[in-house]
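For the sequence shown, counting from 1, position 316 maps to 367 in the working numbering; every step adds exactly one.
To start, the structure under review is shown below, and the notes come after it.
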Amino acid sequence: MALRLYNTLTRRKDVFAPIDKDNVRMYVCGPTVYDFAHIGNARPVIVFDVLFRLLRHLYGADHVTYVRNITDVDDKINARAARDYPDLPLNEAIKKVTEETNAQFQDDVEALGCLEPTHQPRATAHITEMITLIERLIARGKAYPAEGHVLFHVPSDPSYGSLARRSTDEMLAGARVDVAPYKRDPMDFVLWKPSTADEPGWDSPWGRGRPGWHIECSAMSWRYLGEHFDIHGGGIDLVFPHHENERAQSCCAFDRAVMANWWMHNGFLQVEGHKMSKSLGNFVTIRDLRENWHGIGWPGEAIRFAMLQSLYREPIDWTFKALDEAHKVLWKWAEAIEDVPPSASIPEPVLDALCDDLNTPKAIAAMHGLFRDRLYAELKAALNAIGISGNRDGLKRNIQARLDATEAQDTFRATIQITSDEIERLKNQRLEARRNKNWAEADRIRDELAAHGIVLKDIRNPQTGEPDTIWELAR
Numbered sequence: 052m053a054l055r056l057y058n059t060l061t062r063r064k065d066v067f068a069p070i071d072k073d074n075v076r077m078y079v080c081g082p083t084v085y086d087f088a089h090i091g092n093a094r095p096v097i098v099f100d101v102l103f104r105l106l107r108h109l110y111g112a113d114h115v116t117y118v119r120n121i122t123d124v125d126d127k128i129n130a131r132a133a134r135d136y137p138d139l140p141l142n143e144a145i146k147k148v149t150e151e152t153n154a155q156f157q158d159d160v161e162a163l164g165c166l167e168p169t170h171q172p173r174a175t176a177h178i179t180e181m182i183t184l185i186e187r188l189i190a191r192g193k194a195y196p197a198e199g200h201v202l203f204h205v206p207s208d209p210s211y212g213s214l215a216r217r218s219t220d221e222m223l224a225g226a227r228v229d230v231a232p233y234k235r236d237p238m239d240f241v242l243w244k245p246s247t248a249d250e251p252g253w254d255s256p257w258g259r260g261r262p263g264w265h266i267e268c269s270a271m272s273w274r275y276l277g278e279h280f281d282i283h284g285g286g287i288d289l290v291f292p293h294h295e296n297e298r299a300q301s302c303c304a305f306d307r308a309v310m311a312n313w314w315m316h317n318g319f320l321q322v323e324g325h326k327m328s329k330s331l332g333n334f335v336t337i338r339d340l341r342e343n344w345h346g347i348g349w350p351g352e353a354i355r356f357a358m359l360q361s362l363y364r365e366p367i368d369w370t371f372k373a374l375d376e377a378h379k380v381l382w383k384w385a386e387a388i389e390d391v392p393p394s395a396s397i398p399e400p401v402l403d404a405l406c407d408d409l410n411t412p413k414a415i416a417a418m419h420g421l422f423r424d425r426l427y428a429e430l431k432a433a434l435n436a437i438g439i440s441g442n443r444d445g446l447k448r449n450i451q452a453r454l455d456a457t458e459a460q461d462t463f464r465a466t467i468q469i470t471s472d473e474i475e476r477l478k479n480q481r482l483e484a485r486r487n488k489n490w491a492e493a494d495r496i497r498d499e500l501a502a503h504g505i506v507l508k509d510i511r512n513p514q515t516g517e518p519d520t521i522w523e524l525a526r
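Have a look at this one:
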């Protein structure tokens, strides 16, 4: 059965053909371990776990290598460590933060029913590989040292922007780059930066310092998957600049046209109709969902099932109502299938749907048919294929003080000073003004929304290639 996957690089859905069917290789960007993972972080973890399971089914469990990294060197980690453990030396504080946060993440994703990846490399264990890549880029004229930094020279790569499909002006605006005096070009990005005496750092040919974010993933994917591999995945927010920069670094370091054959990205997630924001009070972590969201601690399999109701490439609106309905369906099915052994194979309609670019909504629709027809062994096999056991004990909810779904949503929406419809209307007016190069009007609308605490970020939609804008509340 042919597997078809959408490729952000080509903007089309193609039949997947691995470089080596005996060693199918996938890399997915993992967490930066400084805080609890939020529900948006859960989406790629769940989506690419389903793909990992499908690849194992199609090619054999021993023939698939899945790498999901752990970023444990980052300025956000340094800030959190200094805040949480002010009495400890910074290096000790950083170690406590990263170990505690990684343990929390592993516990959360296990509760969501995710298999452990083949490798979960830590960035700090691969500094040598990062330095080697940077040296290769300098030797090839693709990077240069400057004032203790090393920067990738974007104009040296004619294919830069091919993944994001953005113009130079849009990339410059979208990257929010630091136009430092030592840069040869404003778009040049950091591969290595100097560390002060109290910051984490490693010896290098350019002095004591630490890596930039983008080079970390290039180094770890190279270490475990090679110069050229099959699939690179992550959230759609990573297309630019992170994945664009990864692709450029790796291709230039190894003189290759392609880093990964397929680039796959899951869509944005919002909560109760709005972008997640701590200011709005709708910033939801996986741990919040598991322990108490709207007065209920939700089982991991229900969270996973709710997430898979939407096609992975499409935006998803995470609501109490949708999660509650997903849980009710699973509970009803579990009562019928719990003591039934699964069938030996995945039912064909379900497998067909999964092989059609991980169409989990279509697969779940087929499962409803299996339940209706009382094909319980087949239903259990189908659920197992998407990482759900259907065990009733695992689906019990910890109900503390249940809040009605409608009341919860109304309470949340009452905190918003400007409606999402009005924000969208103004956002679209501004897009039209930008198309017409009416910069004064575009700035006026930006300022009007800023007065309401709305921050705009200009992007190019990776799905359509057209200019777009996303918004969030200022923190």
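Backbone N, C-alpha and C define an ideal beta-carbon position, used for all residues, glycine too.
Closest residue to residue i among the options (Cα-Cα distance)
i    : options                   : result
E151 : W314, A190 and R131       : R131
N479 : I189, H279 and I496       : I496
G318 : R307, D339 and I287       : I287
N487 : P518, K508 and D472       : P518
L56  : G164, R191 and H316       : H316
F203 : P209, Y195 and S210       : Y195
R338 : A433, S328, Q155 and I97  : Q155
L60  : G252, A308 and W522       : A308
V506 : I145, E492, A493 and W522 : W522
A353 : T179, V84, G332 and D375  : D375
V391 : R425, L500 and R261       : R425
M358 : E198, V96, V84 and W490   : V96
W257 : A231, H200 and I282       : H200
D159 : L340, L477, R443 and D403 : L340
M181 : I388, G111, M310 and S272 : S272
W369 : Y233, L381, F356 and G438 : F356
N449 : G438, G348 and G252       : G348
A436 : D444, I415 and R443       : I415
G527 : A311, C302 and S301       : Residue 527 falls outside the range modelled here, since the chain spans only 52 to 526, and no answer is possible.
Residue interval of the alpha helix (DSSP H) (run including residue i)
i    : result
Y553 : Residue 553 falls outside the range modelled here, since the chain spans only 52 to 526, and no answer is possible.
M358 : G351 to M358
T116 : Segment V115 to R119 is the beta strand (DSSP E) holding T116; no alpha helix (DSSP H) there.
Y427 : Y427 to A436
P412 : T411 to R423
V528 : Outside the shown range of the chain, which is 52 to 526, sits residue 528, and nothing can be said about it.
L289 : Where L289 is concerned, there is no enclosing alpha helix (DSSP H), given that its DSSP letter is neither H nor E.
H316 : First-last for H316: A311 to N317, but that is the beta strand (DSSP E), not the alpha helix (DSSP H).
Inter-residue Cα distance where the pair is residue i and residue j
i    : j    : result
L141 : E250 : 7 Å
I467 : G324 : For I467, the pLDDT reaches just 48, beneath the cut-off of 50, and the residue's location in the model is therefore unreliable, although a value from the coordinates is still provided. If you take the alpha carbons of I467 and G324, they lie about 11 Å apart.
I185 : A304 : 8 Å
Q321 : F334 : 9 Å
L446 : T247 : 50 Å
R134 : K127 : 11 Å
I63  : A53  : Residue identity check: residue 63 is Arg in the sequence provided, not Ile. Using only the alpha carbons, I get a separation of about 16 Å.
G164 : E221 : 39 Å
D71  : W314 : 17 Å
H279 : D73  : 15 Å
H177 : H345 : 42 Å
D138 : D86  : 19 Å
D509 : R485 : 10 Å
S218 : N512 : 12 Å
D123 : T520 : 30 Å
A433 : S269 : 35 Å
K326 : I474 : 12 Å
With 16 other Cβ atoms within 10 Å as the buried cut-off, status of residue i
i    : result
N58  : buried
G212 : buried
R526 : Low local confidence applies: a pLDDT of 39 at R526 is under 50, so the model's placement there is unreliable, with the coordinate-based value given in what follows. Looking at its Cβ environment, which holds fewer than 16 other Cβ atoms inside 10 Å, R526 is exposed.
R423 : exposed
D538 : Beyond the ends of the chain as shown, which are 52 and 526, falls residue 538; an answer cannot be given.
R191 : exposed
H419 : exposed
N129 : buried
K147 : exposed
R481 : buried
Y275 : buried
Residue-chain proximity (residue i, chain C), Cβ-Cβ < 8 Å
i    : result
R173 : Looking for chain C here will not work: only one protein chain is present.
Boundaries of the beta strand (DSSP E) in which residue i is found, first to last residue
i    : result
D509 : I505 to R511
K244 : F240 to P245
P196 : A194 to A197
Q321 : L320 to V322
Y275 : Run containing Y275: none in the beta strand (DSSP E); it sits in the alpha helix (DSSP H), W264 to L276.
L184 : No beta strand (DSSP E) contains L184, which is instead part of the alpha helix (DSSP H) from I178 to A190.
K64  : R63 to V66
* Pair every Cβ in the region 290-297 with every Cβ in the region 260-278, then say whether three or more of these pairs are closer than 8 Å. => With contact defined as three or more Cβ pairs closer than 8 Å, the region 290-297 and the region 260-278 are in contact.
* Pairing CB atoms from the region 59-79 with CB atoms from the region 106-124, are three or more of them under 8 Å? -> Short answer: they touch.
* Asked: Do the region 99-108 and the region 400-420 meet, that is, are 3 or more Cβ pairs less than 8 Å apart?
  -> Between the region 99-108 and the region 400-420 there are three or more C-beta pairs closer than 8 Å, enough to call the two in contact.
* Asked: Within the chosen definition, does the region 429-436 reach the region 386-402 through at least 3 CB pairs nearer than 8 Å?
  -> Yes, the region 429-436 is in contact with the region 386-402.
* Could you say if the region 86-97 and the region 233-248 meet the contact criterion of at least three C-beta pairs nearer than 8 Å? => In short, these stretches do not touch, since the Cβ pair count stays below three.
* Given 8 Å as the limit, is there contact between the region 164-173 and the region 360-368, that is, 3 or more CB pairs closer than that? -> Segments in contact, no.
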